[in-house]
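All remarks here apply to the structure that follows.
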DNA sequence: TAGTGGTCTAGACCACGCC
DNA sequence: GCGTGGTCTAGACCACTAG
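Chains as they are written, first to last, in our numbering: chain A, -11 to 218; chain B, -11 to 218.
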C-alpha cells in the first residue's frame, strides 16, 4: 500500500523547498545525483522532478539543472499589475480585521464544506497608490493553522505564511465572478457613488492538505482590470 | 534535426482527434498497441499520450485506456452551466451579425497584433431558456480561415469549426475582466435598466498556428455567474 | 483471465551550458 | 571536456477493469 517512490521523493523535495533548504533560484540536485543518493534509477528521480515541474515549483534548463521558481501566483485572478505596477506606485494592504475566530459566513456562491471546525476570518483593503482597488475577506478552518491568529504575515502575504509556517500549498481553485452594484459600505470604502459597477470574485482554494480556503474579493475595476492567463 | 519521435506521434494523434478518426469518448489505441504499431517502446508511446493528457485532449483510466475528452473548454471562463444546465433549460445562440469582413475594432484591453490582414467579425447573443445572458463579439484574421464566411458552424460552435475545418487549436489565452454599467444597447438587448452592473471579459486566444483571436463578452451575471477552475 | 495504464530498473546516445 | 536534462530502448511487476 506504500506510495510510489517518486511520490515520496517529490514530497520530500517539496518540503525542502518550503523549509528553505533549496532557496528560490537555487539548483536542485541533478537527476543523476538524486538517483544515486536514493538508490533509484534516473527515470524515477526524473518523474519526481517532473511532478514538481508540473506544479510550478521548479523550471528545468537543459545543460544546467532544475531551478526553484520564485514565488508563485496567489490565485488565478490577480489585480492587473498588483505586482507589475509595484515599481511605479506603491501597493499597500490595510488590515481592517486581523485574523479572528468567527462564525462561518456561508453566503458564498458555493457551499462551505468545513462546517465542523472553528472558522478564522480576516478582512483587508488593498490599494495601489492611494486608491483602494480590492476589498478581501478570507475565511478558513483554524484546525490546520494553529497559532496563525498571533502570527504576522510573511512578507504581508497570507499564502506565503501558509507555505512557510504550515507547509500548506494551493493545489487548485474554483471561482465565481459576478458584477454587483456598490452598496453603502463599498461606496464608503472605495470613495465611489452607490450603484457603481464592481467585480465580485468568490474563490474556493483547494489546499494540498485536503481542506479549503474561501475568499471574497470586491474589486474596483474602473482603472485596474482583473486579468488571468493560461 | 528531426523532432522527437514522441512529438510526431503526439501530433499525429492530435490530428486524428481533430479529423474525427477518434471521436469524443472513444478509446485511443493502447500504449502497447501504439508501441508495436510504430516500432517504438511503450515508454515513448506513453510520452506521446502524456503530452495529450497534459493538454487536456484525453484522460486515462487504469485498466481501461485513454479516452478522448468531450468538449474542451472554449476559454478559461465560461458561463456557469452554459453546458451543465443544458439538460434543464435550452441554451440558444442567436447570430446577430454573421461572420463578415470588417475593420479591426481595437478598443480591447490589449493590443491587436494582426494589423496586416483582413478582419472577420461576428456577433452573437447567447441565452439560457428565454433570457439572454451573454453578448459576444469575436474578430480574427481571415488569412488562416479562408472560406469561413460561407460556412455554417459545426454544432453551432466557432471553436469546433476551427478545429474540424482548419485544424486550429487554442494553446492559451489572456483575459481582462471589468465591471461596467449597461448602456442603451445592452439595456435593450438584455431587457434590463440602464446602469445595471454587467461583466465585460476581453479575451485574447492564442492559437497553435501562431495568430490570435479576440473576443469581447458582455455577461448578465444576475442569475448565472461566470466561473473557472484550475 | 486477458489487457490496460502505473511504476520501476539498467542501460544508452544526444544537445546544450559552463568552464 | 564534463555534467546537465531530453530522448529512447528492452525488459519487469503491479493494480485495476472488463468480459
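Think of the CB as a built atom: it goes at the ideal place given N, C-alpha and C, for glycine as much as any other residue.
Item, Value
"Residue 149 of chain A, enclosing alpha helix (DSSP H) - first and last residue", "146 to 154"
"Short-range partners of chain A found in the region 171 to 193 of chain B, where Cβ spacing is below 9 Å", "183, 184, 185, 186, 187, 188, 189, 190"
"Cβ-Cβ distance between residue 79 of chain A and residue 114 of chain A below 9 Å", "yes"
"9 Å Cβ cutoff, residue 11 of chain A in contact with chain B", "no"
"Under 7 Å from the C-beta of residue 168 of chain A: neighbouring residues of chain B", "185"
"6 Å CB neighbourhood of residue 62 of chain A in its chain, flanking five on each side removed", "Unreliable placement is indicated for residue 62 of chain A, whose pLDDT of 42 sits below 50; the coordinate value is still reported in the next sentence. Within the same chain, residue 62 of chain A has close Cβ partners 147."
"Beta-bridge pairing of residue 88 of chain A - partner residues as DSSP gives them", "A:109"
"Contiguous beta strand (DSSP E) assignments of at least 3 residues, all confined to the region -9 to 67 of chain B", "46 to 49, 53 to 56"
"Rounded separation between residue 46 of chain B and residue 55 of chain B - CA only", "5 Å"
"Contact with chain A by residue 209 of chain B, beta-carbon distance below 9 Å", "yes"
"Beta-carbon proximity list for residue 57 of chain B, same chain, < 8 Å, skipping 5 on both sides", "12, 44, 45, 46, 47"
"Presumed contact (8 Å Cβ cut-off) between residue 161 of chain B and residue 192 of chain B, rounded CB distance", "6 Å"
"Whether residue 204 of chain A touches residue 110 of chain A by CB criterion (9 Å)", "no"
"Counterpart residues of residue 204 of chain A in DSSP-defined beta bridges", "A:125, A:190"
"Residue 49 of chain B, buried or exposed, once every other Cβ within 10 Å from all chains shown has been counted against 16", "exposed"
"Those residues which DSSP pairs with residue 82 of chain A across a bridge", "A:113"
"Selected residue, minimal CA-CA separation from residue 116 of chain A, among A:82, A:149, A:129", "A:82"
"Neighbour-count burial assignment, residue 64 of chain A, 16 or more Cβ in a 10 Å radius", "With a pLDDT of 49 at residue 64 of chain A, under the threshold of 50, the modelled position of that residue is not reliable, and no figure is offered here."
"Rounded straight-line distance, which links the Cα of residue 195 of chain B to that of residue 120 of chain A", "36 Å"
"Alpha-carbon to alpha-carbon, residue 85 of chain A and residue 136 of chain A", "14 Å"
"The region -9 to 11 of chain A contacting the region 24 to 43 of chain A, beta-carbon criterion three pairs below 8 Å", "yes"
"Residue environment, residue 75 of chain B, which counts as buried when at least 16 other CB atoms sit within 10 Å", "In this predicted model, residue 75 of chain B has a pLDDT of only 42, less than 50, meaning its place in the structure is not dependable; the value taken from the coordinates is given anyway. The residue in question, residue 75 of chain B, is exposed, as its Cβ has fewer than 16 Cβ neighbours within 10 Å."
"Selection from B:145, B:158, B:210, B:34 that minimises the alpha carbon distance to residue 164 of chain A", "B:210"
"Selection from A:2, A:3, A:31, A:94 that minimises the alpha carbon distance to residue 190 of chain A", "A:94"
"Cut-off 6 Å between Cβ atoms - residues of its own chain near residue 107 of chain A, not counting five sequence neighbours on either side", "90, 92, 127"
"Where residue 164 of chain A meets chain B, residues with beta-carbon distance less than 8 Å", "68, 213, 214, 215"
"Per DSSP, the bridge partner or partners of residue 167 of chain A", "A:187"
"Interface residues of the region 86 to 106 of chain B facing chain A [CB-CB below 7 Å]", "97"
"Minimum C-alpha distance to residue 125 of chain A - residue among A:153, A:87, A:180", "A:87"
"Chain-order list of residues whose beta-carbon lies under 6 Å from that of residue 133 of chain A (same chain, five-residue window excluded)", "154"
"Beta-ladder partner(s) of residue 119 of chain B, from DSSP", "B:116"
"Test: residue 134 of chain B CB closer than 9 Å to a CB of chain A", "no"
"Helix, strand or coil at residue 71 of chain A according to DSSP, with G and I counted as helix", "With a pLDDT of 48 at residue 71 of chain A, under the threshold of 50, the predicted position of this residue should be treated as unreliable, though the coordinate-derived value follows. Of the three classes helix, strand and coil, the one that applies to residue 71 of chain A here is coil, per DSSP."
"Supposed contact pair residue 167 of chain A and residue 122 of chain B - C-beta distance, whole angstroms, cut 8 Å", "13 Å between Cβ atoms; not a contact."
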